[in-house]
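*Asks:* Going by our numbering, the sequence shown opens with residue 4, and the numbers climb by one from there.
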Amino acid sequence: MDATSGQSSAAIEVESTREHEALFHLLREEPFSFRFFQSVRLLERLFPERKPVGYFVSPQSEVVRFSSRTSLNFPASEIQSFRENDSRPNDMEVNFLGLTTVNGPLPHPYAEHLLDRMRAKDYAPGDFFNLFNHRFVSLFYRSWKRYRFFIGYELDKTRGQVSGDPVTASLYSLLGFGTAGLLQRTAVPDEAMLYYAGLLGRNVPTSQALKQLLSDFFEVPVRIEEFTGNWNLLPEEDLTYLNDTGLQSESLGIGTIVGDAVWDQHGTVTVRLGPMPLKQYQDFLPGGVAARQLEAWLRLFGQGEFDFAVRLVLAREEVPGVLLTPEQNGMGRLGFESWLKNRPFLHDAEDAVYRLH
């Protein structure tokens, strides 16, 4: 999942819509080439304003109207025909399920009678049986969809709704985001947190899990350096003053500390990212999109127990030189984008370090 160099979510949605429209055109032209479940799933995504099939709603508001082909032949495909309608549900004729199919529950004379009436241009008996066939096929699809939670999830996403399926709700609860007010509050997409729920939901965070998460999300080499240590500033009341106030901090051998900070070897973890190209490197600098996402991931993963230092590594062939001209376009920040360069670098540049508290 590339957060820095990939397409935007809007562009991905446009591309996905075009793919669905191409499939819909193929469904109209060659319905026999489609499997039943995938075709209905496609229709529900293309027509989110209509109701899904198999529920207690008016058939006129559903996305598709099913009918069953009356025949005693063994079918060659699951779908016999499909017709698009503008003001009413689309029509789909199926071969695999129905009262009067070759494998249907009714005796064959029923199918023979319907075929005779159809040859006489009398379609009323067949329409009557299709009242039941539509419901049978709809419930068959709903039963298939019931234990495939991802279908309901993607359908809610198509309609712009927060997914209400129990699996998604359970994963959010596992991560501590079980209520709607806690969602969409960080720079990290909520879907990404679901994707990495197995890594984030551990009771004890590990460096290997953090490395796996960051390297997969940002698509950049990651190395986790533990126990890098940092200086922690002491609060005012713990500082030692020679003014004989009787405080414990002034008792030699008990609470006396020289200075205003103590070294904590365990409190900081350094996250080394790279080597990477210049454009991606700049996105990881403070204020960039990737930097905000990285901070959100580290806060979520560390749960307030650790401080993090971020070390960015720029590929040696991407290191720019500094020109003191008005046309720098924001380049040249000291400590981040400034190098004295008079020949190609032999090693990757890893000077940029900043801390997250």
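Cβ coordinates follow ideal geometry from the N, Cα and C atoms, glycine included.
The model shown is predicted, which means the values in this text are computed figures rather than measured ones.
Which word fits H137, buried or exposed, when buried means at least 16 other C-beta atoms lie within 10 angstroms of its C-beta?
*Replies:* So H137 ends up on the buried side.
*Asks:* Quick one: measure Cβ to Cβ for V223 and Q283, integer angstroms, because I've assumed they're closer than 8 Å.
*Replies:* Indeed they touch by this definition, with Cβ atoms about 7 Å apart.
*Asks:* Please list the segments of the beta strand (DSSP E) lying wholly inside the region 65-94, counting only runs of 3 or more residues, in order along the chain.
*Replies:* Runs found: 67-71 and 82-86.
*Asks:* Hey, could you find the ends of the beta strand (DSSP E) L343 is sitting in?
*Replies:* First-last for L343: undefined, no H or E at that position.
*Asks:* If you reduce the DSSP assignment to three classes, tell me which class A312 lands in.
*Replies:* Note: A312 maps to strand in three-state DSSP.
*Asks:* Does the region 231-244 come into contact with the region 265-277, if we say contact requires no fewer than three beta-carbon pairs (one atom in each stretch) closer than 8 Å?
*Replies:* As far as the Cβ criterion goes, the region 231-244 touches the region 265-277, which means the pair count is three or higher.
*Asks:* CB-CB under 6 Å to V60, same chain, minus the five flanking residues each way: which ones, in chain order?
*Replies:* Correct list, in chain order: K54.
*Asks:* Would a C-beta distance cut-off of 8 Å place A200 and L178 closer than the cut-off?
*Replies:* Contact flag set, yes.
*Asks:* For a quick check, are the C-beta atoms of D263 and L242 less than 8 Å apart?
*Replies:* Yes, Cβ-Cβ distance for D263 and L242 is below 8 Å.
*Asks:* Return the CA-CA distance between E33 and R21, expressed in angstroms with no decimal places.
*Replies:* Roughly 18 Å between the two C-alpha positions.
*Asks:* If I measure Cβ to Cβ from E321 and keep anything under 6 Å in the same chain, skipping five residues before and after, which residues do I get?
*Replies:* Contacts found: P280 and L281.
*Asks:* CB-CB under 8 Å to D310, same chain, minus the five flanking residues each way: which ones, in chain order?
*Replies:* The answer, listed in chain order, is N233, G270, T271, V272, R358, L359 and H360.
*Asks:* Using the C-alpha atoms, what's the distance from V325 back to V207?
*Replies:* Their backbone Cα atoms lie some 44 Å apart in a straight line.
*Asks:* Looking only at C-alpha atoms, which of V316, F135, Y144 and T259 sits nearest to F287?
*Replies:* If we check each option's Cα against that of F287, V316 comes out closest.
*Asks:* Please report how far the alpha carbon of T7 lies from the alpha carbon of A293, in whole angstroms.
*Replies:* Bear in mind that the predicted position of T7 carries a pLDDT of just 42, short of 50, making it too unreliable to give a figure here.
*Asks:* What is the DSSP secondary structure of G277, counted as helix, strand or coil?
*Replies:* Correct three-state label for G277: strand.
*Asks:* Taking the alpha carbon of P289 as the point to measure from, which residue in R336, T231 and T104 has its own alpha carbon closest?
*Replies:* It is R336 whose Cα lies nearest to the Cα of P289.
*Asks:* How about T171 and Y156: are their beta carbons less than 8 Å apart?
*Replies:* Yes, Cβ-Cβ distance for T171 and Y156 is below 8 Å.
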